Each structure stands twice: as structure tokens, then as C-alpha cells.
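Asker: I have a structure here, written as C-alpha cells, and I will follow up with some questions on it.
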Amino acid sequence: MKIEERYRYVIDWFTEHMPVAETELHFSDPFQLIVAVILSAQCTDKRVNMVTPALFERFPTPESLASASFEEVFSYIKSVSYPNNKARHLIGMAQMLLCEFDGVMPSEIDQLMKLPGVGRKTANVVASVAFNKEAMAVDTHVFRVSNRIGLTRNSKTPLETERTLVAHFPSHLLPIAHHWLILHGRYVCTARNPKCSECGIQQVCAYYSQNNKQ
2 MKIEERYRYV IDWFTEHMPV AETELHFSDP FQLIVAVILS AQCTDKRVNM VTPALFERFP
62 TPESLASASF EEVFSYIKSV SYPNNKARHL IGMAQMLLCE FDGVMPSEID QLMKLPGVGR
122 KTANVVASVA FNKEAMAVDT HVFRVSNRIG LTRNSKTPLE TERTLVAHFP SHLLPIAHHW
182 LILHGRYVCT ARNPKCSECG IQQVCAYYSQ NNKQ
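If you count the sequence shown from 1, you need to add 1 to reach the numbering used here.
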């Protein structure tokens, strides 16, 4: 199967069966979103959503977070993965947001990546989710699912995967396609024991084809 045909099938299937696909992180503005995404690195959205209500109530603005102590921020996020690093990143992010961006969250990926704790994946998430930019964030789910299905061919890095997906998905679909692949990887195409029998795109999936040869 040509890769273009596989993309067309995948797009058509998700458009019909998952017309609404959004982040499962809870937030109300770009500041809360970037905090949640920083916390979500190597951590489940479910766990982050348990932590953020109290965190956002105590630190509702960049100003309040920028002036916080490490110990207090840590006390709110200690149940997530790598809380020491994330506490420092959150405070540093808020401080730089005030110093370099007048407290206004930038919408451009290169500017977002200047903020502490914000790598390319996080910047792409904020740009696409908060500002509806045509960006493709590649997390562990997107990376795995893309390779499995055959949307990418043995991509070795998230950046390589991102470039391939951007080249093949229509640009206006990139924000929702990011969530299609994440949600599919989270609930169907799981890391261990993927639920191929429940998968609606198995007939174009390279992994399924390889493992179900007659």
C-alpha cells in the first residue's frame, strides 16, 4: 500500500469516528495549559488533572507562580513524576514569561521553546491547542502509533516523525490529527498488547498486516 493511500484511509476513518478529539488535560487559559503540559511529561494526564486544581487555585497567574518558593510548588506537585525538576521549571517558566514576554503567553513555537521546561513537544502542544496553530506534537503515543500503522517508516526520533506527519497530513488537520493519534495510542494501540481486534484501521495497519499473515 502506498503511504498516501494509508493516510487517506486513516484521515477518513478518524474524521468519521472521532470528529471531536481534544486534549484530556484540564485547563482554562494558555498559562494553565503550559503548566499542565510541563507536568504531563512522562506522567499520565489523569494524575496531572488530580494535581492541577489546587495548584491553579494557589497560583492562578504567572505573577503568583514566579514569586513562589520551590518548596511550596513542590508540595503541590510531589505526586507527579520528576517533581523536583518540574517545580524548578514551572517557577523559571513563569519568571521568564514575565521578564521576556510581559506575562503574555507567546504563540510561536520558537518563542515557547525559550521557556524553561518547554521542549519542542510541549511548544507544539501549546501552539496547537491554545492557539490553533498548524503544529504536530510528537509524544510517546504519536511516535509509537505512527510507526506501527506505517504513517512513518522506521522513524528514529520524534523530530523525524513530526516532519513526516507534517508532510503528509493536510496542514489544517494537524491539530486534531495530533489528538487522533494520542487517543488511539492511549486506548486502542497501546504500548503492550495493542487491541487490534477493536481497531477500525487494522486493514491499513502495517503492524497488523505483518503479524496476521496467512
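From the three backbone atoms N, C-alpha and C, an ideal C-beta is built for every residue, glycine too. Note that this is a predicted model, so its numbers are computed, not measured.
1) List the whole-angstrom C-beta distance separating Arg-149 from Tyr-208, where the pair is believed to meet the contact cut-off of C-beta under 8 Å.
2) For His-142, collect the residues of the same chain with a Cβ closer than 7 Å to its Cβ; drop the 5 residues on either side in sequence, then sort them by chain order.
3) Could you have a look at Gln-33 and say whether DSSP puts it in helix, strand or coil?
4) Going by DSSP, what residue range makes up the alpha helix (DSSP H) through Pro-84?
5) Whole angstroms are fine: how far does the CA of Val-11 sit from the CA of Asn-2?
6) Just verifying my parser: in three-state terms, what is the DSSP assignment at Ala-22?
7) Kindly indicate the opening and closing residues of the alpha helix (DSSP H) around Thr-165.
8) Where does Lys-47 fall in DSSP's three states?
9) Under 8 Å Cβ to Cβ from Pro-176, same chain only, skipping five residues before and after it: list those, please.
10) Closest to Ser-68 by CA distance: which of Leu-113, Met-97, Asn-125 is it?
11) From Glu-199, Arg-48, Glu-109, pick the residue whose C-alpha is nearest to that of Pro-84; which is it?
12) Taking all protein chains shown into account, decide if Asp-140 is buried (16 or more other Cβ within 10 angstroms of its Cβ) or exposed.
13) My output table needs one value for Pro-195: the three-state DSSP class, helix, strand or coil.
14) Among His-179, Leu-174, His-173, Ser-172, which one has its Cα closest to the Cα of Pro-159?
15) Alpha carbon to alpha carbon, what distance is there between Ala-37 and Met-114?
16) Check the C-beta distance from Leu-40 over to Val-81 and give it rounded, since I have them as a contact under 8 Å.
Answerer: Taking the coordinates as given:
1) 4 Å
2) Leu-182, Ile-183, Gly-186, Arg-187
3) For Gln-33, the three-state secondary structure derived from DSSP is helix.
4) 84-102
5) Note that residue 2 corresponds to Met in the displayed sequence, not to Asn. Distance between the alpha carbons of Met-2 and Val-11: 13 Å.
6) coil
7) 159-169
8) helix
9) Ser-129, Val-130, Asn-133, Lys-134, Glu-135, Ala-136
10) Met-97
11) Arg-48
12) buried
13) coil
14) His-179
15) Approximately 16 Å between the Cα atoms of the pair.
16) 5 Å
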